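Okay, so the sequence shown: first residue is 1 according to the UniProt record's numbering, each after it adds one. C-beta: ideal position from N, C-alpha, C; glycine also. Here the structure is a predicted model, which means the values were calculated and not measured. Data first, discussion second: the structure below is written as structure tokens.
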Amino acid sequence: MTEGLVSIIMPSYNASQFVTESINSVLLQTYLNWELLVVDDCSKDDSVRIVQKFVDIDQRVRLFPLEKNVGAAAARNVAIGQAKGQYIAFLDSDDVWNEDKLEKQLAFMKQNSYAFVFSDYYVMEEDGRKTGNIVRVPISLTYHQYLRNTIIGCLTVMIDRKQTGDFRMPLIKSSHDMALWLLIMKRGFKAYGLKEVLAGYRLVSTSNTSKKWKAAKDVWKVYRKIERLSVLYAMYCFCGYVLHAVLKRI
């Protein structure tokens with residue numbers, strides 16, 4: 001594990017339309033000590049060729065093309081397994097970061113000795129136009145608070161592995177990030193929110209989270225199958241999840 005290095009985890013699948021913008025937002029970071037690990041999940045478009053161009057011009061960008069499609073969780077785990085950094089950050093191949101994202105989050109973490117941080121982010125349309133919706137995060141979340149308010153945006157998360165220990169994402173369809181945050185919180189770590197907009201989330205019509213009913217079913221699966229909550233407590237948490245999901249979109 002390399003002290004101070006940020007390993008950026010990027011799964012990619014048929015992302016040729018957006019991946020250039022996503023990688024450029026990493027290249028523009030004011031904090032320079034990073035590596036970008038792109039795992040291409042057997043794309044059928046030009047994604048690999050596009051990413052390879054970045055690999056050729058910047059040795060901090062590393063590409064791992066998979067021979068079969070394994071899904072976002074397993075693809076992220078391939079990258080995490082290859083990561084050399086003390087810090088792990090996540091960026092999907094259709095989202096973007098503000099250029100000072102890493103610098104500000106690292107300062108926030110180091111100043112407070114935090115192991116797990118996230119931030120506000122804005123929402124944009126598929127074509128990149130900002131919707132005007134900004135997701136505002138709380139100051140902190142505990143395990144039980146997060147069960148009822150799954151507001152942590154994966155694209156804003158940074159984790160200090162030196163404090164939390166190593167980890168992998170649970171292999172479920174679309175709520176594997178939620179399951180990972182809960183796993184880390186169960187190790188005794190709060191998640192701390194930096195109340196500043198540092199990233200942009202793209203609404204893509206083919207994404208899992210765009211299918212709201214399916215996403216809700218996956219959240220329920222996390223409650224019952226992974227966290228093994230009682231039916232009553234799971235229903236209580238699910239009501240909170242629905243309420244906060246609605247508020248997030250207002």
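Tell me whether residue i sits in a helix, a strand or coil according to DSSP, three-state version.
i, result
"Ser43", "coil"
"Ser210", "With a pLDDT of 49 at Ser210, under the threshold of 50, the modelled position of that residue is not reliable, and the figure given next carries that caveat. In the structure shown, Ser210 sits in a helix (DSSP, three-state: H, G or I)."
"residue 252", "In the structure as shown, the chain begins at 1 and stops at 250. Residue 252 is therefore absent and cannot be evaluated."
"Gly71", "coil"
"Val51", "helix"
"Thr156", "helix"
"Glu103", "helix"
"Tyr146", "helix"
"Lys217", "helix"
"Phe238", "helix"
"Gln59", "coil"
"Ala89", "strand"
"Lys173", "coil"
"Ser230", "coil"
"Thr164", "helix"
"Tyr223", "helix"
"Asn14", "coil"
"Leu32", "coil"
"Ile184", "helix"
Skipping 5 residues on each side, what residues in its chain have a beta carbon closer than 7 Å to that of residue i?
i, result
"Lys130", "Tyr122 and Met124"
"Asp45", "Asn14 and Ser16"
"Arg202", "Phe18, Asp94, Asp95, Met124 and Glu126"
"Asp100", "Thr30"
On the premise that residue j lies in contact with residue i, defined as a C-beta separation below 8 Å, what is that separation, rounded to the nearest angstrom?
i, j, result
"Leu106", "Tyr192", "Leu106 to Tyr192, Cβ: 13 Å. No contact."
"Cys237", "Arg148", "5 Å"
"Glu35", "Leu66", "Not really, about 19 Å apart at Cβ, beyond 8 Å."
"Glu3", "Gln86", "5 Å"
"Ile8", "Leu37", "7 Å"
"Ile88", "Arg161", "6 Å"
"Val26", "Phe64", "At roughly 16 Å, the Cβ-Cβ gap does not stay under 8 Å, so Val26 and Phe64 are not in contact."
"Met178", "Val222", "6 Å"
"Tyr241", "Met185", "Contact flag wrong, Cβ pair sits at about 16 Å."
"Leu28", "Asp120", "Not confirmed; about 19 Å, so no contact."
"Lys104", "Glu196", "7 Å"
Using DSSP bridges, identify the partner residues of residue i.
i, result
"Tyr121", "Val135"
"Leu141", "Ala191"
"Tyr201", "Val123"
"Leu37", "Ile9 and Arg62"
"Phe116", "Ile159"
"Lys84", "For Lys84, which the question treats as bridged, DSSP gives no partner whatsoever."
"Thr2", "Gly85"
"Val96", "Gly200"
"Lys130", "Met124"
Within its chain, find whatever has a CB closer than 8 Å to the CB of residue i; leave out the 5 residues flanking it on each side and keep chain order.
i, result
"Ser205", "Glu126"
"Trp220", "Ala234 and Phe238"
"Ser22", "Met10, Ala15, Leu91, Asp92, Ser93, Asp94, Asp95 and Val96"
"Phe189", "Ala115, Phe116, Gln163 and Thr164"
"Lys84", "Met1, Thr2, Leu5, Ser7 and Glu35"
"Val51", "Ser12, Val19, Ile23, Val38, Asp40, Val61 and Leu63"
"Arg224", "Val231 and Ala234"
"Ser47", "Ser12, Tyr13, Asn14, Ala15, Ser16, Val19, Asp40 and Ser93"
"His244", "Arg148, Asn149, Thr150 and Ile151"
"Leu182", "Tyr143, Tyr146, Leu147, Val222, Ile226 and Glu227"
Spatial neighbours of residue i within its chain, please: C-beta separation below 6 Å, excluding the five flanking residues on both sides.
i, result
"Pro138", "Gly193"
"Leu247", "none"
"Val157", "Phe90 and Phe118"
"Leu229", "Tyr223"
"Ala75", "Pro11, Val39 and Asp41"
Okay, do the segment 8-21 and the segment 70-77 touch, 3+ Cβ pairs below 8 Å being the bar?
Touching, per the Cβ criterion.
Using 8 Å as the threshold, is the segment 82-97 in touch with the segment 147-165, meaning 3 or more CB pairs across them?
Under the three-pair Cβ rule at 8 Å, the segment 82-97 counts as touching the segment 147-165.
If we count Cβ pairs, one from each stretch, closer than 8 Å, do we get three or more for the segment 129-146 versus the segment 162-169?
No: fewer than three Cβ pairs fall under 8 Å.
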